[in-house]
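First comes the structure, then the notes that go with it.
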Amino acid sequence: MKVLFAASEAVPFAKTGGLADVIGSLPKELTRQGLDVRVILPKYGDIPAVYRDEMTLIAAFDVYIGWRKQYIGIEVLEYEGVTFYFVDNEFYFKRPGLYGYGDEAERFGFFCRGVIEALPLMDFQPDVIHCHDWQTGMIPVLLKAHYSHVPFYSQIKTMSTIHNLKYQGVFNQPLLKDLFGLSDDHFTGTALELHGGASFLKGGLLYADQITTVSQTYAEEIQTPFYGEFLDSLLRHRKDQLTGIVNGIDYEVFDPMSDPHLVQPYRDSLPKKEQNKLALQEQLGLPVNADVPMIALVTRLVQQKGLDLIQHVLSEILSMDVQLVVLGTGDPAYEQMFRQAAETHPDKVSAQIWFNEPLAHQIYASSDLFLMPSQFEPCGIGQLIALRYRSVPIVRETGGLKDTVQPFNEFTGEGTGFTFSHYNAHDMLHTIRRAVYFYKNDRDSWLKIQQNMKKGDFSWKKSAQQYIALYKEMIKHNV
Ligand code: GLC
Numbered sequence: 007m008k009v010l011f012a013a014s015e016a017v018p019f020a021k022t023g024g025l026a027d028v029i030g031s032l033p034k035e036l037t038r039q040g041l042d043v044r045v046i047l048p049k050y051g052d053i054p055a056v057y058r059d060e061m062t063l064i065a066a067f068d069v070y071i072g073w074r075k076q077y078i079g080i081e082v083l084e085y086e087g088v089t090f091y092f093v094d095n096e097f098y099f100k101r102p103g104l105y106g107y108g109d110e111a112e113r114f115g116f117f118c119r120g121v122i123e124a125l126p127l128m129d130f131q132p133d134v135i136h137c138h139d140w141q142t143g144m145i146p147v148l149l150k151a152h153y154s155h156v157p158f159y160s161q162i163k164t165m166s167t168i169h170n171l172k173y174q175g176v177f178n179q180p181l182l183k184d185l186f187g188l189s190d191d192h193f194t195g196t197a198l199e200l201h202g203g204a205s206f207l208k209g210g211l212l213y214a215d216q217i218t219t220v221s222q223t224y225a226e227e228i229q230t231p232f233y234g235e236f237l238d239s240l241l242r243h244r245k246d247q248l249t250g251i252v253n254g255i256d257y258e259v260f261d262p263m264s265d266p267h268l269v270q271p272y273r274d275s276l277p278k279k280e281q282n283k284l285a286l287q288e289q290l291g292l293p294v295n296a297d298v299p300m301i302a303l304v305t306r307l308v309q310q311k312g313l314d315l316i317q318h319v320l321s322e323i324l325s326m327d328v329q330l331v332v333l334g335t336g337d338p339a340y341e342q343m344f345r346q347a348a349e350t351h352p353d354k355v356s357a358q359i360w361f362n363e364p365l366a367h368q369i370y371a372s373s374d375l376f377l378m379p380s381q382f383e384p385c386g387i388g389q390l391i392a393l394r395y396r397s398v399p400i401v402r403e404t405g406g407l408k409d410t411v412q413p414f415n416e417f418t419g420e421g422t423g424f425t426f427s428h429y430n431a432h433d434m435l436h437t438i439r440r441a442v443y444f445y446k447n448d449r450d451s452w453l454k455i456q457q458n459m460k461k462g463d464f465s466w467k468k469s470a471q472q473y474i475a476l477y478k479e480m481i482k483h484n485v
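Structure below.
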């Protein structure tokens with residue numbers, strides 16, 4: 007079985023969010039389970055030189071995008087047992103950052119076309135092209151529209167995975183017609199049309215042979231108008247080809263027992279975990295005190311993550327005997343909110359408005375509680391890392407958060423975290439208070455939660471098996 011992942015980001019090359027974690031780790035597990043999985047990405051200028059210097063050029067040719075003929079180079083790099091290909095064109099990709107340019111349709115349209123055209127030259131004929139998010143949504147469309155009559159491509163199946171339905175890649179129709187040479191019937195309401203424009207993501211969802219998303223609950227939620235982002239009816243229509251498969255995390259990278267960033271490795275020992283907390287308090291200039299519960303927030307600071315709930319009750323949270331450690335960047339208003347809280351409450355808040363991988367690991371290891379009150383959450387990765395680092399999650403019951411955190415029940419002793427269901431600031435506040443109460447006053451319950459967290463398996467093993475089963479199903483009629 008041969009599978010090509012096409013995506014716009016992957017750890018350790020380029021990352022803005024959880025997508026990069028998935029693309030950087032799932033192929034490793036699929037390889038372990040016997041598949042020939044390779045990954046293709048844009049060659050961004052931001053990819054660290056240590057990797058860029060190791061890449062070798064294996065093909066160079068021209069691709070048509072609209073009336074323009076553009077150079078494309080395919081470079082290759084083996085990384086931790088997986089083959090990564092990079093699509094090189096300096097005009098499109100040698101810019102700072104990954105996204106946010108005015109010619110996004112052309113850049114990622116070029117990438118989609120480049121992926122398809124590169125295959126014969128890569129000496130790799132995949133059974134399945136596994137596309138991720140809107141940036142790769144045109145691959146299934148173009149394959150069906152322009153390549154299906156070519157023998158090399160005729161058997162290739164496509165899978166589209168939704169990591170976030172909110173990002174849809176909508177552009178104006180004349181532009182996409184020009185870029186891709188598609189006929190008018192591709193732009194009707196039952197085709198690519200969305201919000202008056204045309205959407206890459208919708209194309210991927212319509213034309214792929216299979217659709218998946220990153221948790222079972224999200225797979226159900228997106229079939230409703232509330233979470234459906236105007237694509238719910240399409241997703242209901244395709245529900246027989248829509249599967250939710252929960253993300254895992256890389257158990258080697260995220261392992262408190264062998265994590266090089268921690269001052270004290272640990273697995274089940276709370277006193278050892280506590281050593282990390284004391285060191286971090288010292289490092290961040292917070293009062294050094296093992297007994298104060300440390301609440302962590304490691305996230306992009308955007309609306310989706312429930313930050314307006316926190317904003318609403320921040321002063322109540324800070325009136326409790328807690329420490330709040332925030333790591334991330336995003337919406338300037340939220341960055342400012344945490345900076346200001348740190349200024350007014352230096353003994354309680356540390357606002358780390360940047361991103362740094364070692365510090366993230368230290369925060370997971372040091373914190374007692376991990377807050378994630380998302381408005382919606384396709385899967386969520388922070389809570390999985392938190393569970394592995396025995397930082398008890400406080401989450402809203404939505405998407406992958408609902409599927410991976412089991413609410414603590416003090417009567418049965420079951421559960422791995424604290425949860426609330428309505429998107430309401432006081433429900434969240436009440437849940438934080440409840441969690442803090444157990445931390446401070448009910449050691450037995452706290453130890454029970456720790457025990458329960460130990461039993462969970464959030465590695466990629468099972469989910470990779472589910473992907474493999476789907477790939478097999480997709481190609482079973484191939485000759
Ligand atoms: C997106 C989603 C997040 C998910 C990640 C990886 O970032 O918002 O919930 O975990 O993709 O699938």
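Counting from 1 along the sequence shown, just add 6 to a position and that's the residue number in this note's numbering.
Glycine included, C-beta positions come from ideal geometry on N, C-alpha and C.
All values derive from a computational prediction rather than experimental measurement.
Checklist entry - Is the segment 194-206 in contact with the segment 164-171, if contact means three or more CB pairs nearer than 8 angstroms? => result No, the segment 194-206 is not in contact with the segment 164-171.
Item to check | Closest by C-alpha distance to residue 341, when choosing among 325, 317 and 327 | outcome: Selected option, being the one with the closest Cα: 317.
Checklist entry - Would DSSP call residue 199 helix, strand or coil? => result Correct three-state label for residue 199: strand.
Checklist entry - Which parts of the segment 252-311 are runs of the beta strand (DSSP E), unbroken and 3 residues or longer, counting only runs that do not cross its ends? => result Within the segment 252-311, the complete beta strand (DSSP E) runs of at least 3 residues are 300-304.
Item to check | Assumed close pair residue 384, residue 173 - CB separation to whole angstroms, cut-off 8 angstroms | outcome: Taking the Cβ atoms as the reference, residue 384 lies roughly 11 angstroms from residue 173, outside the contact range of under 8 angstroms.
Checklist entry - Would the segment 401-416 and the segment 369-385 be scored as touching if the rule is three or more Cβ pairs under 8 angstroms? => result Here the segment 401-416 makes contact with the segment 369-385; the two share three or more CB pairs at distances below 8 angstroms.
Next on the checklist: So residue 309 and residue 337 are supposed to be a Cβ contact under 8 angstroms. How far apart are they, rounded?
Outcome noted: About 7 angstroms separates the CB atoms of residue 309 and residue 337; that is less than 8 angstroms, so the two are in contact.
Item to check | residue 268 and residue 371 closer than 7 angstroms at C-beta | outcome: Taking the C-beta atoms as reference points, residue 371 is found nearer than 7 angstroms to residue 268.
Next on the checklist: Taking the straight line between their C-alpha atoms, what separation do you get for residue 251 and residue 229?
Outcome noted: Spanning the two alpha carbons is a distance of roughly 16 angstroms.
Next on the checklist: Let's see if you can read the secondary structure: which residues bound the alpha helix (DSSP H) around residue 233?
Outcome noted: First-last of the alpha helix (DSSP H) with residue 233: 231-234.
Checklist entry - When DSSP labels each residue in this structure, what does residue 447 get in the three-state scheme? => result Residue state, collapsed to three classes: helix.
Next on the checklist: Checking 7 angstroms against the spacing of the C-beta atoms, do residue 330 and residue 366 come in under that value?
Outcome noted: Going by C-beta atoms, residue 330 is not nearer than 7 angstroms to residue 366.
Next on the checklist: My assumption, with CB atoms under 8 angstroms, is that residue 320 sits in contact with residue 139. Please give the rounded CB distance.
Outcome noted: Going by Cβ atoms, the distance from residue 320 to residue 139 rounds to 32 angstroms, so no, they are not a contact pair.
Next on the checklist: Cutting at 6 angstroms between CB atoms, please list the residues of its own chain near residue 373, excluding the five before and the five after it.
Outcome noted: Around residue 373: 300, 302 and 397.
Checklist entry - For residue 415, which residues of its own chain have a beta-carbon under 6 angstroms away from its beta-carbon, when the five flanking residues on both sides are left out? => result 421, listed in sequence order.
Next on the checklist: With the cut-off set at 7 angstroms, would you say residue 147 and residue 70 are in Cβ contact?
Outcome noted: One thing to note: residue 147 has its Cβ no nearer than 7 angstroms to the Cβ of residue 70.
Item to check | Shell residues, 7 angstroms Cβ cut-off relative to heavy atoms of ligand 1 | outcome: Summarising the contact set, residues whose Cβ lies nearer than 7 angstroms to any heavy atom of ligand 1 are, in chain order, 23, 24, 25, 27, 28, 169, 170, 220, 253, 310, 383, 384, 385, 386, 387, 405 and 406.
Checklist entry - Can you list, in chain order, the residues of its chain whose CB lies under 6 angstroms from that of residue 242, leaving out five sequence neighbours each side? => result Once the five neighbours on either side are set aside, the close Cβ partners of residue 242 are 229.
Checklist entry - Any idea which residues DSSP pairs residue 248 with across the strands? => result Residue 248 pairs with 217.
Checklist entry - From what residue to what residue does the beta strand (DSSP E) around residue 192 run? => result Here residue 192 belongs to no beta strand (DSSP E), and DSSP marks it neither H nor E.
Checklist entry - With which residues is residue 70 paired in a DSSP beta bridge? => result Bridge pairing for residue 70: 75 [DSSP].
Next on the checklist: Which residue marks the beginning of the beta strand (DSSP E) containing residue 44, and which one marks its end?
Outcome noted: From DSSP, the beta strand (DSSP E) with residue 44 extends over 42-48.
Checklist entry - Quick one: what's residue 376 bridged to in DSSP? => result Here residue 376 is bridged, per DSSP, to 302 and 399.
Checklist entry - Given a threshold of 16 other Cβ atoms within 10 Å of its Cβ, counted over all protein chains shown, does residue 84 qualify as buried or as exposed? => result Burial check for residue 84: the Cβ neighbour count within 10 Å stays below 16, so the residue is exposed.
Item to check | Test item: CB-CB of residue 220 and residue 136 under 7 angstroms | outcome: Their beta carbons are not under 7 angstroms apart, which means residue 220 does not touch residue 136 by this criterion.
Item to check | Best match in 364, 362 and 391 for proximity to residue 376 [C-alpha to C-alpha] | outcome: Ranking the options by Cα distance to residue 376, first place goes to 391.
Checklist entry - Among all the DSSP beta bridges, which residues are the ones paired with residue 333? => result Paired residue(s): 304 and 358.
Next on the checklist: Mapping the DSSP letters down to three states, classify residue 171 as helix, strand or coil.
Outcome noted: Coil at residue 171, not helix or strand.
Item to check | Sequence-distant residues of the same chain with beta carbon closer than 7 angstroms to residue 460, five excluded per side | outcome: Cβ within range, chain order: 274.
Next on the checklist: Just to confirm my understanding: we take residue 48, look at its own chain, exclude 5 residues before and 5 after, and list those with CB closer than 6 angstroms. What are they?
Outcome noted: Closer than 6 angstroms at Cβ, skipping near neighbours: 93, 99 and 117.
Checklist entry - If we ignore side chains and look at the alpha-carbon of each, how far apart do residue 468 and residue 393 end up? => result If I take the Cα positions, the gap works out to 17 angstroms.
Item to check | residue 138 - partner residues in DSSP beta bridges | outcome: BP columns for residue 138 point to 167.
Checklist entry - Taking one C-beta from the segment 342-361 and one from the segment 259-266 each time, how about it: are there three or more such pairs within less than 8 angstroms? => result By the criterion of at least three beta-carbon pairs nearer than 8 angstroms, the segment 342-361 is not in contact with the segment 259-266.
Item to check | Nearest-angstrom Cα separation, counted from residue 39 out to residue 479 | outcome: Their backbone Cα atoms lie some 17 angstroms apart in a straight line.
Checklist entry - Over what stretch of residues does the alpha helix (DSSP H) that includes residue 147 continue unbroken? => result Residue 147 -> alpha helix (DSSP H) spans 144-148.
Item to check | Close Cβ partners of residue 431 (< 6 angstroms) along its chain, the five nearest in sequence each way excluded | outcome: Apart from the 5 residues on each side of it in sequence, residue 431 sits with its Cβ closer than 6 angstroms to the Cβ of 315, 318 and 319 in its chain, given in chain order.
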